[in-house]
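Chemist: Chains as they are written, first to last, in the numbering used here: chain E, 840 to 951; chain A, -13 to 99.
Glycine included, each C-beta is placed from N, C-alpha and C at the ideal position.
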């Protein structure tokens, strides 16, 4: 069964460092998303990406965040200068656009 | 923007009993309502969804109902089993899921054997 894969599964970084989280969406999907989940809280939307550009973003997705699809398969989330409050589980998701959103297993980011 | 409220935050039932989780949404333009199950350390997994042109949908032991007038939708799990224990999230979206999902705060379901 096709799945969304994310790397790394866990990253520990120092405050102020840059972090890149990587995702390989399902191959025939057209819409890509990043969500985050602070421990014990709800899943929150960050950004959506379609046709090689951001189609929607939330208030959380400020200038410290960026997304890129550098090739035909990878979809990355970059946090330029991490803060303590960026510690969370980051989920990548993708869909054909027909409804069902498939989530990856997540990348846990710990900022010290 | 959309706001989704979910209740209860925790629910404990005996194996074989039914479980009901309720959500309300604020944006009348929302037309897609999925439910996700999240097991410990994993990503959310879709278990059932409903579109606004349908009032009820069933898939084996799981059913979802939607009341557009009242802007609420509910998840019903019958004959619960220990493997149903997880956190369940409701969500709402415009444009049948192509727009961002707004999630509820989650319900931790514990099925006691």
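Do the region 914 to 930 of chain E and the region -13 to 3 of chain A make contact, defined as three or more Cβ pairs closer than 8 Å?
Modeler: Flag = no, the region 914 to 930 of chain E and the region -13 to 3 of chain A do not touch.
Chemist: With DSSP as the reference, please indicate the residues paired to residue 45 (chain A) in a beta bridge.
Modeler: Answer is A:48, bridged to residue 45 (chain A).
Chemist: Under 7 Å between C-beta atoms, does residue 43 (chain A) make it to chain E?
Modeler: Output row for residue 43 (chain A): interface = no.
Chemist: Could you pull the start and end residues of the beta strand (DSSP E) that residue 35 (chain A) belongs to?
Modeler: Per DSSP, residue 35 (chain A) belongs to the beta strand (DSSP E) from 31 to 37.
Chemist: Who are the Cβ neighbours of residue 871 (chain E) in its own chain at under 6 Å, not counting the five residues just before and after it?
Modeler: The residues are 864, 888, 914 and 933.
Chemist: What did DSSP end up calling residue 69 (chain A) once you bin it into helix, strand or coil?
Modeler: Here residue 69 (chain A) sits in helix by DSSP.
Chemist: Could you check whether the region 56 to 72 of chain A touches the region 90 to 97 of chain A, counting it as contact only if at least three pairs of C-beta atoms, one from each stretch, sit closer than 8 Å?
Modeler: With a cut-off of 8 Å, the region 90 to 97 of chain A and the region 56 to 72 of chain A count as touching, because enough Cβ pairs lie within range.
Chemist: DSSP three-state call for residue 81 (chain A): helix, strand or coil?
Modeler: In the structure shown, residue 81 (chain A) sits in a helix (DSSP, three-state: H, G or I).
Chemist: Looking at the strands, I want to know which residues DSSP matches up with residue 10 (chain A).
Modeler: Answer by DSSP bridge pairing, in chain order: A:-9 and A:58.
Chemist: Taking the alpha carbon of residue 61 (chain A) as the reference point, which residue from A:28, A:81 and A:90 has its own alpha carbon closest?
Modeler: The shortest C-alpha separation from residue 61 (chain A) is found at A:90.
Chemist: Return the residue from the list A:21, A:14, A:1 and A:-1 that minimises the CA-CA distance to residue 8 (chain A).
Modeler: When only C-alpha atoms are compared, the closest one is A:21.
Chemist: State the start and end residues of the unbroken beta strand (DSSP E) segment that holds residue 927 (chain E).
Modeler: 927 to 934 is the span of the beta strand (DSSP E), which, as asked, contains residue 927 (chain E).
Chemist: Using a Cβ-Cβ cut-off of less than 9 Å, list which residues of the region 22 to 37 of chain A approach chain E; keep chain order.
Modeler: Hits within the stretch, in order: 22, 24, 27, 28, 29, 30, 31, 32, 35 and 37.
Chemist: Verify the CB distance criterion: does residue 888 (chain E) have a CB-CB separation below 7 Å to chain A?
Modeler: No - not a single Cβ of chain A is within 7 Å of the one on residue 888 (chain E).
Chemist: Using a Cβ distance threshold of 8 Å, determine whether the region 12 to 19 of chain A contacts the region 32 to 45 of chain A, with at least three qualifying pairs required.
Modeler: The region 12 to 19 of chain A, when compared against the region 32 to 45 of chain A, does touch it at the 8 Å Cβ threshold.
Chemist: Classify residue 825 (chain E) as helix, strand or coil using the three-state DSSP reduction.
Modeler: Residue 825 (chain E) lies beyond the range of chain E shown here (840 to 951); nothing can be said about it.
Chemist: Looking at the structure shown, is residue 861 (chain E) part of a helix, part of a strand, or coil, going by DSSP?
Modeler: Residue state, collapsed to three classes: strand.
Chemist: What residues from chain E crowd round residue 60 (chain A), counting only those whose CB sits closer than 9 Å?
Modeler: By Cβ distance, chain E contributes nothing, its closest Cβ being about 18 Å from residue 60 (chain A), past 9 Å.
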